[in-house]
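Q: Let me give you the structure first, and then I'll get to my questions.
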Amino acid sequence: MKKKIFLIVISIVLLSVFMYAEKFLIINDNTLKVYRLDAYDSFELTGDSLILKKADTLWSGSEVSVKINLVTELELQKYQKLEQMLKEGRTIPAPTKPGEVATGRILTVDWLKQDKKEKLTEDIIRFLTNPNQTSFDLTKWLNDYANWIPVR
Numbered sequence: 042m043k044k045k046i047f048l049i050v051i052s053i054v055l056l057s058v059f060m061y062a063e064k065f066l067i068i069n070d071n072t073l074k075v076y077r078l079d080a081y082d083s084f085e086l087t088g089d090s091l092i093l094k095k096a097d098t099l100w101s102g103s104e105v106s107v108k109i110n111l112v113t114e115l116e117l118q119k120y121q122k123l124e125q126m127l128k129e130g131r132t133i134p135a136p137t138k139p140g141e142v143a144t145g146r147i148l149t150v151d152w153l154k155q156d157k158k159e160k161l162t163e164d165i166i167r168f169l170t171n172p173n174q175t176s177f178d179l180t181k182w183l184n185d186y187a188n189w190i191p192v193r
């Protein structure tokens, strides 16, 4: 009984934190490309991949999709949690401590704008502020900064 109450209290605290979070981005490790999740219409989680989907406005009825392979069980669990949070209308918050160890590849727009603004180039600022831009190539920009991608 105590364990159930403890889990309920933890869940309420976590959900209240998620309510105030900003939009977030997903990084594909293989290509160092960032995908702005709120620019896509939906996403589908399969056993080993995450597929982002967007209706193509240029061609009626067609759809653009991006497949991100999930290598580890931890990644799959993280995106299952993400899927549940999105169904509840919530997003992932920025990290609370500067210099968090990077074992995940989800970050928030707000965290980048506030805590990492000295490292932002004109290109990535344009990407962060324009909801129509769906992806951004980080290879030119992130090589030296991979250690500050937050975990959630």
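Under our numbering, residue 193 is the last one in the sequence shown; the count climbs by one each step, no gaps. Where a beta carbon is used, it is the ideal one built from N, C-alpha and C, also for glycine.
Run through the DSSP bridge pairs and tell me what L86 is partnered with.
A: L91
Q: Please report how far the alpha carbon of I92 lies from the alpha carbon of R167, in whole angstroms.
A: CA-CA distance, I92 to R167, rounds to 24 angstroms.
Q: Quick check: K95 and T175, are their CB atoms within less than 8 angstroms of each other?
A: yes
Q: Thinking C-alpha only, which one of Q121, D178, F177 is nearest S90?
A: The candidate whose alpha carbon is nearest that of S90 is Q121.
Q: Less than 8 angstroms between the CB atoms is what I'm expecting for Y31 and V107, so what's the real figure, rounded?
A: Because the chain here runs from 42 to 193, residue 31 falls outside it and cannot be looked at.
Q: Using the three-state DSSP reduction, which class does E141 fall into: helix, strand or coil?
A: Low local confidence applies: a pLDDT of 46 at E141 is under 50, so the model's placement there is unreliable, and no value is given.
Q: What is the rounded straight-line gap between the Cα of F84 and the Cα of E163?
A: 28 angstroms
Q: Which same chain residues, not among the five before or five after N173, have their C-beta less than 8 angstroms away from its C-beta?
A: A80.
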